[in-house]
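Notes follow once the structure below has been shown.
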């Protein structure tokens, strides 16, 4: 199935929320499901926009408008799924999501959080640029089973290692998972423990969730 990647990207760049939403809602009921919507439409559209920015075909202002429009679409989609009762909580499992300090891009994190909700998890989204001390405090109080980290700047690898080590040493021993666009092209396993889970795509995260939402983490 051909996804309308460039068309969707154009609507994001134009700030055309209604047209972007029409593509979203048309695709969400297709057989591929919402994970594929996130991966094949939204993620690839953002990658296309990133390419346009890197090749000076759009400005920083254009990129910011596209990002804010995409965030609106994700928030509206989340509310739609709740209203349609397609998000349900049947598990006591909890997942906490955050970006490393100085990491500003959290759209992938938001999609991962919604995917966990689809499988019945309780979630908390702490967003972009969260210093480690606050991540540790929040995780210590709420005691999530899983902590998801977003990582998109390669020279933050040492920072990633510090977050993983500190979070995995918490008394309740959460599983730390890491996602981000770099994971498809580079091996960051040396910055992780043997318990850390790396997910280059939401498709792989979905496969893990299908197994661990029914069984013990």
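Numbering (our numbering), first residue to last: 3 to 219. Every residue, glycine too, gets a C-beta built ideally from N, C-alpha and C.
Secondary structure at residue 60: coil, using DSSP grouped into helix, strand and coil. Runs of the alpha helix (DSSP H) spanning 4 or more residues and lying entirely within the segment 16 to 52 occur at 19 to 30, in chain order. The C-alpha of residue 160 lies about 25 Å from the C-alpha of residue 113. DSSP, reduced to helix, strand and coil, places residue 154 outside both helices and strands of the structure shown, so it counts as coil.
Closest in alpha carbon position to residue 105, among 188, 181, 175 and 26, is 181. Taking C-beta atoms as the reference points, residue 211 and residue 79 fail to come closer than 8 Å. Pairing residue 156 with residue 193 gives a Cβ-Cβ distance that is not under 8 Å. Taking every protein chain shown into account, the CB of residue 176 has 16 or more other CB atoms within 10 angstroms, so this residue is buried. Proximity to residue 76 across 116, 100 and 96 peaks at 116, based on C-alpha coordinates.
Between residue 138 and residue 168, the C-beta gap is smaller than 8 Å, which places the two residues in contact. Residue environment analysis places residue 110 among the buried positions, since at least 16 neighbouring C-beta atoms fall within 10 angstroms of its C-beta. A distance below 7 Å between beta-carbons, with the five flanking residues on each side excluded, links residue 195 to the following residues of its chain, in chain order: 166 and 170. Collapsing the DSSP output to three states places residue 167 in a helix. In the structure shown, residue 198 falls within a coil segment according to DSSP collapsed to helix, strand and coil. Around the C-beta of residue 136, fewer than 16 other C-beta atoms lie within 10 Å, and the residue is accordingly described as exposed.
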